[in-house]
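**Student:** Below you will find the structure I want to go over with you.
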């Protein structure tokens with residue numbers, strides 16, 4: 001199973017190589033007076049070669065984390081308004097986001113201690129501190145990724161009450177949790193003592209698993225994560241296509257559910273990058289590249305788990321923005337402008353209640369009748385007064401309701 005930092009074998013690291021190059025080498029003078037050489041190894045270091053890769057890690061990771069937090073806030077807001085509808089999948093993705101924030105802050109602290117620079121330009125104490133922080137951040141990353149997968153499984157769990165469907169999801173959740181537990185234990189047992197991750201002084205007495213076991217661990221955990229991303233991306237498509245919704249809406253939902261494929265691609269690249277441990281000359285620097293792909297995988301998984309639940313929220317927000325933009329025009333004109341943009345269907349009526357809250361509601365009249373009704377603000381007002389066509393947030397078609405529609409019709413799987 002994989003991690004940011006894997007110790008393939010108890011071989012000499014770049015720290016040891018640095019000591020060999022800049023260590024205490026006796027000179028001809030020191031042989032006679034039994035003194036150490038008086039020269040500063042830093043004089044022979046090319047300062048122009050001290051490049052830093054950490055800004056890419058913090059910049060990309062921070063941007064995606066900010067997007068994930070904003071999407072999560074919108075998700076929770078849509079669940080709390082107008083009624084409290086928080087579900088277990090919402091709480092699970094909230095916990096995953098909290099762990100992702102903690103993991104990012106730990107990575108930032110590691111960068112502050114020199115992560116991203118070349119080994120020879122970072123003092124040994126700061127280098128050890130950075131590696132220790134990197135070791136801790138991996139533990140948060142394992143469980144953040146696991147909670148994201150559990151959140152998607154819990155969301156799908158509510159779609160079909162049949163025993164085979166729920167047994168299948170129970171199996172997926174069990175495998176996900178077991179993989180995280182095994183990976184966490186492997187983190188501490190891979191090399192003994194595990195302080196070898198940040199303390200080069202214990203390399204002589206360290207005992208590690210064989211390289212084949214470590215590689216098998218990496219491939220197995222990555223395979224599980226990629227398989228789960230593929231399952232969660234393609235299974236919903238099999239029943240979304242059978243929903244009685246407009247084709248545009250189906251394509252949009254399939255795209256949202258397929259965002260998990262980006263996380264799967266990041267997991268594959270991260271696994272391939274881990275193999276560079278066997279060929280790199282700077283183990284300290286290579287961790288930035290691995291951490292970057294791990295961060296991309298986690299953040300894309302968070303975004304993919306949240307976006308499908310925001311369909312109704314995004315449509316409602318766009319409709320409200322559209323009404324403000326066309327404030328000088330009547331509701332009927334706004335409605336048809338939004339239809340042109342693909343934000344409303346032709347069979348929907350756009351209305352605004354006394355609190356200036358915009359809503360839409362499907363009607364059974366023909367398109368011609370709908371155009372006539374929507375074009376007249378007086379008719380819209382009369383419709384509002386009669387209580388017909390009013391829409392509160394509970395009447396909008398949410399992601400869960402769309403999927404439950406196929407459950408009632410028994411049309412999927």
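Numbering (UniProt numbering), first residue to last: 1 to 413. The beta carbon of each residue, even a glycine, is placed where N, CA and C say it ideally should be. In this text, all values refer to a predicted model and were calculated from it rather than measured experimentally.
Would you list, in sequence order, the uninterrupted alpha helix (DSSP H) runs of no fewer than 4 residues that lie entirely inside the region 261 to 317?
**Tutor:** Runs of the alpha helix (DSSP H) inside the region 261 to 317: 283 to 306.
**Student:** From residue 370 to residue 63, what distance separates their C-alpha atoms?
**Tutor:** Confidence is the limiting factor: at residue 370 the pLDDT is only 42, short of 50, which leaves the residue's position unreliable and the question unanswerable from this model.
**Student:** Have a look at residue 312 and residue 54 and give me their C-alpha separation to the nearest angstrom.
**Tutor:** For residue 312 and residue 54, the distance between alpha carbons rounds to 38 Å.
**Student:** Would you be able to state if there are at least three C-beta pairs under 8 Å between the region 238 to 245 and the region 127 to 139?
**Tutor:** These segments do not touch.
**Student:** Around the C-beta of residue 189, are 16 or more other C-beta atoms found within 10 angstroms, so that it is buried, or is it exposed?
**Tutor:** Residue 189 is exposed by the Cβ-count criterion.
**Student:** In or out: residue 419 buried (at least 16 other Cβ within 10 Å) or exposed?
**Tutor:** Summary: the structure shown does not reach residue 419, with the chain confined to residues 1 through 413, and so no result is reported for it.
**Student:** Is there at least one non-hydrogen atom of the ligand NAP closer than 7 Å to the beta-carbon of residue 185?
**Tutor:** The ligand NAP is not among the ligands present in this structure, which contains no ligands whatsoever.
**Student:** Might you give, ordered along the chain, the residues of its own chain that have their beta carbon closer than 8 Å to the beta carbon of residue 230, omitting 5 neighbours on each side?
**Tutor:** The answer, listed in chain order, is 260, 261, 264.
**Student:** When you compare the CB positions of residue 111 and residue 65, do they come within less than 8 Å of one another, or not?
**Tutor:** For residue 111 and residue 65, no; Cβs fall outside 8 Å.
**Student:** Only counting the same chain, and skipping five residues up and downstream in sequence, which positions put a Cβ closer than 6 Å to that of residue 137?
**Tutor:** Excluding positions up to five away in sequence, the list reads 103, 106, 107.
**Student:** Three or more C-beta pairs under 8 Å: does that hold for the region 148 to 163 against the region 88 to 96?
**Tutor:** Output reads yes: the region 88 to 96 touches the region 148 to 163.
**Student:** Helix or strand or just coil, what does DSSP make of residue 169?
**Tutor:** Helix.
**Student:** Would you mind sorting residue 117 into buried or exposed? The rule is 16 or more other CB atoms within 10 Å of its CB.
**Tutor:** Buried: at least 16 other Cβ atoms inside 10 Å.
**Student:** Given a threshold of 16 other Cβ atoms within 10 Å of its Cβ, counted over all protein chains shown, does residue 417 qualify as buried or as exposed?
**Tutor:** The chain is shown from 1 up to 413; residue 417 falls before or after that span and cannot be answered.
**Student:** Go through its chain and collect everything with a Cβ distance to residue 101's Cβ below 6 Å, but skip five positions before and after it.
**Tutor:** No residues qualify anywhere along the chain.
**Student:** Classify residue 163 as helix, strand or coil using the three-state DSSP reduction.
**Tutor:** Residue 163 falls in the helix class under three-state DSSP.
**Student:** Please work out which residues of its chain come closer than 6 Å, Cβ to Cβ, to residue 219, disregarding the five sequence neighbours upstream and downstream, and give them in chain order.
**Tutor:** So no residue of the chain qualifies.
**Student:** Please state whether the Cβ-Cβ distance between residue 179 and residue 221 is less than 8 Å.
**Tutor:** Result yes, Cβ atoms of residue 179 and residue 221 sit closer than 8 Å.
**Student:** On the three-state DSSP scale, how would you describe residue 417?
**Tutor:** Outside the displayed range of the chain (1 to 413) lies residue 417, so it cannot be described from this structure.
**Student:** Measuring CA to CA, which of 123, 60, 114, 154 is closest to residue 86?
**Tutor:** Of 123, 60, 114, 154, the residue nearest in Cα terms is 154.
**Student:** Could you check how far apart the C-beta atoms of residue 298 and residue 145 are, in whole angstroms? I think they sit under 8 Å.
**Tutor:** Rounded, the Cβ-Cβ distance is 6 Å, consistent with contact.
**Student:** Rounded to the nearest angstrom, how far is the Cβ of residue 284 from that of residue 56, given a contact under 8 Å?
**Tutor:** So it is not a contact: roughly 16 Å between Cβ atoms.
**Student:** Taking the beta carbon of residue 50 as the centre, do at least 16 other beta carbons fall within 10 Å, making it buried, or is it exposed?
**Tutor:** Its Cβ having fewer than 16 others within 10 Å, residue 50 is exposed.
**Student:** In three-state DSSP terms, what is residue 115?
**Tutor:** Strand, per DSSP.
**Student:** Does residue 143 come within less than 8 Å of chain B when only Cβ atoms are used?
**Tutor:** Considering every chain present, this structure includes no chain B. It has just one protein chain.
**Student:** Between residue 201 and residue 225, what straight-line distance do the alpha-carbon atoms span, to the nearest angstrom?
**Tutor:** Those two C-alpha atoms are separated by around 35 Å.
**Student:** Taking only the alpha-carbon atoms, compute the straight-line gap between residue 142 and residue 168 and give it to the nearest angstrom.
**Tutor:** Answer to the nearest angstrom: the Cα atoms are 23 Å apart.
**Student:** Check whether the Cβ atoms of residue 205 and residue 233 sit closer than 8 Å, and answer yes or no.
**Tutor:** Against a cut-off of 8 Å, the Cβ pair of residue 233 and residue 205 comes out as no contact.
**Student:** According to the neighbour-count rule (16 or more other Cβ atoms, all chains shown, within 10 Å of its Cβ), is residue 270 buried or exposed?
**Tutor:** Residue 270 should be labelled buried.
**Student:** Can you tell me which of the three DSSP states residue 192 falls into?
**Tutor:** The answer is strand: DSSP assigns residue 192 an E or B state.
**Student:** Measuring straight from C-alpha to C-alpha, what distance separates residue 308 and residue 79?
**Tutor:** Residue 308 and residue 79: Cα-Cα distance of roughly 13 Å.
**Student:** Less than 8 Å between the beta carbons of residue 317 and residue 290, yes or no?
**Tutor:** Going by C-beta atoms, residue 317 is not nearer than 8 Å to residue 290.
**Student:** Any idea if residue 73 is buried or exposed, counting beta-carbon neighbours within 10 angstroms, 16 or more meaning buried?
**Tutor:** Label assigned to residue 73: exposed.
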